[in-house]
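Residue numbers (our numbering): 39 to 577.
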């Protein structure tokens with residue numbers, strides 16, 4: 039059925055069409071430079087900053103901004119929230135196009151992009167990247183299948199429309215499963231760099247925060263898409279639907295804010311607010327503008343009843359979400375990288391070109407498919423036809439009150455768990471792990487450590503006796519680092535030397551050699567005569 043929305047002619051020249059064409063011209067040139075001359079010519083990436091705008095925005099932010107697909111389908115099909123059904127098709131289309139842009143953006147960033155098919159044949163099941171790649175591929179396929187009903191209706195293939203109706207719950211269930219997987223895995227990638235990610239953004243709960251924030255921004259993106267499409271296609275905005283989304287959004291912002299503050303407190307990151315630097319400024323902008331301000335705004339019923347204020351609040355949430363992803367990917371790692379990164383004009387133009395491509399494809403789809411059924415819910419279902427309707431019996435029949443109670447229980451449960459992080463860290467920080475109890479395969483995926491044998495330091499002039507030194511008793515198997523004791527000379531072809539030359543009583547008393555650790559704080563004091571027998575074999 040041809041969409042009843044009347045759009046301007048594709049060939050009619052407008053300001054925004056001229057802007058899009060200009061972006062595409064520069065984007066095509068940037069793509070030529072990138073693929074025919076390499077990343078070094080087209081980007082400001084380096085060994086210090088191997089991931090830049092294309093990963094931070096196009097991929098990590100783009101995947102989260104496409105979370106509306108699984109979120110809205112779950113609410114409509116699983117929880118039977120019928121008020122959201124009129125905007126479901128547009129939301130699925132937005133998510134589908136968003137994931138296509140993510141895949142294209144990832145192709146720009148991959149060094150050997152022509153080997154991307156290796157993920158399908160050569161599996162590395164221990165890699166978060168592997169899980170992320172497969173989930174994105176599978177979920178994009180599911181979004182295509184969910185959207186395909188529009189094509190079947192367009193050509194009048196009623197049999198396939200009916201089959202699609204039968205399989206909708208299965209597609210939705212699989213979509214939710216794959217989305218939960220890869221939305222959280224984006225955060226898991228950064229768990230391996232606790233020393234490199236600034237404390238404002240590192241937490242063991244990073245995967246959970248990534249997932250919760252993606253669900254939060256899903257409602258903001260749906261509001262943004264509904265408002266913009268209503269203006270672009272001269273439609274009446276479904277104000278009741280947008281109000282419902284705003285009520286859910288304020289709850290999700292509160293949920294995310296509580297989790298974020300608790301993880302900051304449990305990680306002891308609030309003390310870094312005293313240090314005024316780039317990280318502190320970016321963190322405060324992210325939290326205040328992207329979380330606190332829209333939360334306070336949406337707490338007022340007057341604002342939730344005004345479509346312009348709702349739209350403005352959703353824009354703030356989207357900006358805060360994008361800032362969070364960019365802070366994790368770029369700002370939070372810049373200090374450890376020891377350099378500065380700002381994207382080249384080709385990186386920026388490529389990203390803007392992909393965004394423009396997404397808008398253009400959305401407009402074409404809205405022109406030729408029935409993306410925006412008009413009228414109240416009953417009229418919408420009548421226009422779509424009985425075979426195109428979603429299942430009338432939800433998978434889970436649950437009321438708004440039940441959803442609210444469930445949300446409160448989840449918040450309290452997560453609060454209890456997050457508050458226990460400090461206690462867990464204290465328990466696991468105890469260095470009482472014997473070598474025999476360790477599995478060498480779990481020590482940062484390294485081979486088993488082979489230490490030198492015991493060494494006897496001969497008795498010195500003022501020494502009470504020789505010292506039998508054992509590497510095994512001094513080596514930290516949990517955090518292996520030979521250079522902590524051998525910083526002066528330690529390579530793989532020569533034996534290690536002590537930091538300041540031979541060990542003598544004089545160097546030990548000055549806090550060097552053994553005295554660096556045996557100072558009464560890190561270990562027992564070497565200056566206490568009663569402790570001499572701990573190491574020296576008394577003569």
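Note that CB positions come from ideal geometry on N, CA and C, so glycine has one too.
Quick check: what's the CA-CA separation for residue i versus residue j?
i, j, result
"residue 145", "residue 343", "42 Å"
"residue 502", "residue 573", "10 Å"
"residue 472", "residue 252", "Annotation note: pLDDT 42 at residue 472 (below 50); position unreliable, no value reported."
"residue 302", "residue 346", "33 Å"
"residue 508", "residue 376", "37 Å"
"residue 563", "residue 167", "48 Å"
"residue 309", "residue 299", "13 Å"
"residue 228", "residue 240", "8 Å"
"residue 139", "residue 112", "23 Å"
"residue 267", "residue 273", "8 Å"
"residue 201", "residue 316", "55 Å"
"residue 85", "residue 186", "42 Å"
"residue 333", "residue 285", "10 Å"
"residue 325", "residue 264", "25 Å"
"residue 52", "residue 62", "16 Å"
"residue 365", "residue 183", "34 Å"
"residue 393", "residue 271", "18 Å"
"residue 83", "residue 305", "31 Å"
"residue 236", "residue 149", "27 Å"
"residue 170", "residue 403", "28 Å"
"residue 190", "residue 406", "12 Å"
Are there 16 or more other CB atoms within 10 angstroms of the CB of residue i, so buried, or fewer, so exposed?
i, result
"residue 164", "exposed"
"residue 92", "buried"
"residue 463", "Reliability fails at residue 463, whose pLDDT of 44 lies under 50, so the model's placement of it is uncertain and the value that follows must be treated cautiously. The residue is exposed, with fewer than 16 neighbouring Cβ atoms inside 10 Å."
"residue 188", "buried"
"residue 335", "buried"
"residue 197", "exposed"
"residue 243", "buried"
"residue 426", "Low confidence applies to residue 426: its pLDDT is 43, below 50, so where it sits in the model is not reliable enough to give any reading."
"residue 259", "buried"
"residue 465", "Confidence at residue 465 is low in this model, with a pLDDT of 38, below 50, so the placement of that residue should be treated as unreliable; the coordinate-derived value is given next. Result: exposed."
"residue 492", "exposed"
"residue 125", "buried"
"residue 199", "buried"
"residue 54", "exposed"
"residue 123", "buried"
"residue 352", "buried"
"residue 162", "exposed"
"residue 363", "buried"
"residue 105", "buried"
"residue 496", "exposed"
"residue 338", "exposed"
"residue 257", "buried"
"residue 520", "exposed"
For the beta strand (DSSP E) holding residue i, just list the boundary residues, first then last.
i, result
"residue 506", "505 to 507"
Residue range of the alpha helix (DSSP H) that residue i falls in?
i, result
"residue 265", "244 to 270"
"residue 495", "Element bounds for residue 495: not the alpha helix (DSSP H) but the beta strand (DSSP E), 493 to 495."
"residue 314", "Element bounds for residue 314: n/a, residue is neither H nor E."
"residue 340", "339 to 342"
"residue 374", "370 to 375"
"residue 204", "196 to 226"
"residue 100", "100 to 103"
"residue 187", "166 to 193"
"residue 332", "331 to 336"
"residue 281", "277 to 304"
"residue 134", "126 to 147"
"residue 53", "53 to 75"
"residue 107", "106 to 111"
"residue 404", "383 to 406"
"residue 361", "345 to 364"
"residue 81", "Note, residue 81: premise wrong, no alpha helix (DSSP H); not H, not E."
"residue 156", "156 to 159"
Just checking my contact of residue i with residue j at CB under 8 Å: how many whole Å lie between their CB atoms?
i, j, result
"residue 101", "residue 224", "6 Å"
"residue 409", "residue 127", "5 Å"
"residue 34", "residue 247", "Residue 34 falls outside the range modelled here, since the chain spans only 39 to 577, and no answer is possible."
"residue 250", "residue 293", "6 Å"
"residue 649", "residue 110", "Since the displayed the chain opens at 39 and closes at 577, residue 649 lies outside it and no answer follows."
"residue 261", "residue 348", "6 Å"
"residue 581", "residue 95", "Not covered by the structure: residue 581. The range shown for the chain is 39 to 577."
"residue 129", "residue 107", "6 Å"
Hey, would you say the C-beta of residue i is under 7 Å away from at least one heavy atom of the ligand MG?
i, result
"residue 161", "The model depicted lacks the ligand MG and carries no ligand whatsoever."
*Taking 8 Å as the threshold, find out whether the segment 320 to 328 comes into contact with the segment 365 to 382 through three or more Cβ pairs.*
yes
*Could you say if the segment 268 to 288 and the segment 373 to 383 meet the contact criterion of at least three C-beta pairs nearer than 8 Å?*
no
*Using 8 Å as the Cβ pair cut-off and three pairs as the minimum, do the segment 170 to 178 and the segment 130 to 141 touch?*
yes
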